[in-house]
Amino acid sequence: MVQNQRNPNILFFVLTFLSFLFNLTSSFSPSDNYLLNCGSPFATTVDNRVFLADPDSHSSSSKIFLKDQNPSPDSSAIYHTAIIFTTPSSYRFHIKTKGTHLIRLHFSPFSSPSYNLSSAIFHVSALGFSLLREFSVPNKTHVVKDYIINVDREELVISFTPVCRSSFAFVNAIEVISAPKDLIANVAQWVGSEGVGSYEGLSDQALETVHRINVGGMKVTPFNDTLWRTWIPDENFLFLETYEGKAVSFGGRIKYQIGGATREIAPDNVYSTARVMKEANAAAPTSNITWVFPVSLGYRYLVRMHFCDIVSLAVNQLYFNVYLNGYLAYRDVDLSVLTNQMLAAPYYLDFVVDPVSSGVIHVTIGPSSLSSPSTINLILNGLEIMKISNSMGRFDGGFQQSWRWHLLKVSSGDNLEDGNPPPSGEDLRNSALHCG
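Residue 41 in full-length UniProt numbering is what sits at position 41 of the sequence shown, and the numbering runs on without skipping anything.
Take a look at the structure:
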């Protein structure tokens with residue numbers, strides 16, 4: 001049964017409860033699962049996950065443990081402490097299973113008599129990738145930087161470098177989690193002015209998630225996602241000048257299939273809501289729905305679109321076209337064919353695009369020439385946009401440095417060790433920018 005999402009709260013709580021029951025019995029269990037409550041000698045529990053105490057609780061001239069003396073009652077416990085690095089320093093993680101890993105870095109500045117974390121300016125790198133450059137976080141904000149990286153060695157080193165000797169770096173919490181092998185395919189469809197082609201080598205590149213959207217639904221928290229992701233609503237990204245669709249929700253069972261999308265690709269709460277359109281008075285439907293997403297220029301992006309036919313009464317009734325930046329990416333999508341003639345079965349499509357010159361990506365779903373005015377003629381359930389590292393392995397530029405390094409071995413709990421060189425390929429530069 002499909003219903004207009006006029007009272008989404010009831011459905012949301014029902015789906016949350018069902019998701020909780022499912023997670024009790026069959027949640028994803030990663031072989032590498034490091035959750036660090038940085039700068040704290042104590043563990044803390046967030047969304048039923050235990051963030052362990054920082055493995056080095058001893059004092060050092062190059063690192064400082066800091067606690068927020070007046071935390072917001074609404075903020076997560078992992079943002080109540082932070083570790084400060086006054087010289088280039090690193091965390092080292094022993095990797096049990098090589099392959100795709102999720103790396104999440106949590107930042108939330110607060111002030112103390114000695115440090116105002118919002119004044120920190122620093123770089124972050126890992127595995128030869130420059131993740132953040134000249135990075136800073138405004139006061140009263142929580143920032144989670146979310147990466148997907150193929151770890152091909154037995155140790156992962158995440159390095160923090162102040163931009164100069166008078167600056168410092170900080171982090172509140174770190175997650176390093178091994179991901180399912182099929183999370184990122186090696187090949188996607190390239191879409192551009194030249195047409196559609198094949199884009200290969202995705203699994204060897206690093207990705208940064210910049211948008212993760214639950215289309216037509218409410219916010220999905222890490223508690224309701226087997227990979228502990230956050231999905232936000234899509235209202236702020238809709239191009240309202242042409243919008244004539246509606247949000248719908250589904251109370252039935254999402255039918256995951258062997259070889260198809262899994263709950264690790266996207267959770268039930270994403271596939272159970274959508275935006276759709278039906279032009280009942282049009283002999284040939286022509287209206288579409290467009291979303292506009294701001295992105296950084298100079299990079300290519302992986303656009304992952306999530307679909308699940310939760311609206312049709314029978315198979316082979318829903319047809320639509322997919323456009324990216326105005327270019328046709330996929331003509332006459334028939335979810336029934338893609339899901340082996342099954343309704344409410346999730347499916348996703350991966351595309352790679354360049355942003356337009358104004359620094360945005362347009363995502364459009366439009367009716368197909370096969371669409372009927374008597375049926376729903378387009379649908380989208382979820383959307384992810386991920387920045388692809390450039391040819392130099394960078395997300396925000398590159399830099400070099402010549403400082404001595406302090407390495408923190410997370411796997412063994414060893415103390416910081418002076419004098420260890422950074423991993424090869426880090427290519428870090430000690431910048432004097434922003435330093436007086």
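We put the beta carbon where it would ideally sit given N, CA and C, even for glycine.
Just so it is clear, the structure is predicted and the values come from calculations on it, not from any experiment.
- For D146, the enclosing beta strand (DSSP E) starts and ends at 143–151.
- With fewer than 16 neighbouring CB atoms inside 10 Å of its own CB, L313 falls in the exposed class.
- By the criterion of at least three beta-carbon pairs nearer than 8 Å, the region 324–331 is in contact with the region 350–363.
- The C-alpha of Y91 lies about 22 Å from the C-alpha of S76.
- By the Cβ rule, the region 370–386 counts as touching the region 300–317, because three or more pairs are nearer than 8 Å.
- With respect to the C-alpha of V196, the residue from T375, F351, P30 having the closest C-alpha is F351.
- Less than 7 Å separates the beta-carbon of H106 from that of V144.
- With contact defined as three or more Cβ pairs closer than 8 Å, the region 116–135 and the region 155–167 are in contact.
- The three-state reading of DSSP puts S249 in strand, counting E and B together.
- According to the DSSP secondary-structure assignment, V196 is paired through a beta bridge with V191.
- I310 has its alpha-carbon roughly 27 Å from the corresponding atom of V210.
- Just measuring C-alpha positions, the residue of Q69, D68, D32, R212 sitting nearest I177 is D32.
- Using a Cβ-Cβ distance cut-off of 8 Å, the region 358–367 and the region 180–197 are not in contact, since fewer than three pairs of beta carbons, one from each stretch, lie closer than that value.
- For N214, the enclosing beta strand (DSSP E) begins and ends at 207–214.
- Secondary structure of I78 (DSSP, three-state): helix.
- For V353, the enclosing beta strand (DSSP E) has its first and last residue at 346–353.
- DSSP lists Y147, V176 as the bridge partner or partners of I103.
- For the region 268–311, the full-length alpha helix (DSSP H) segments reaching 4 residues or more read 268–271 along the chain.
- Taking the C-beta atoms as reference points, T273 is found nearer than 7 Å to S249.
- Note: A169 is bridge-paired with F85 in the DSSP secondary-structure output.
- Within the model, the alpha-carbon separation for F65 versus Y79 is close to 13 Å.
- Inter-residue distance for L335 and M342 is about 8 Å (C-alpha atoms, whole angstroms).
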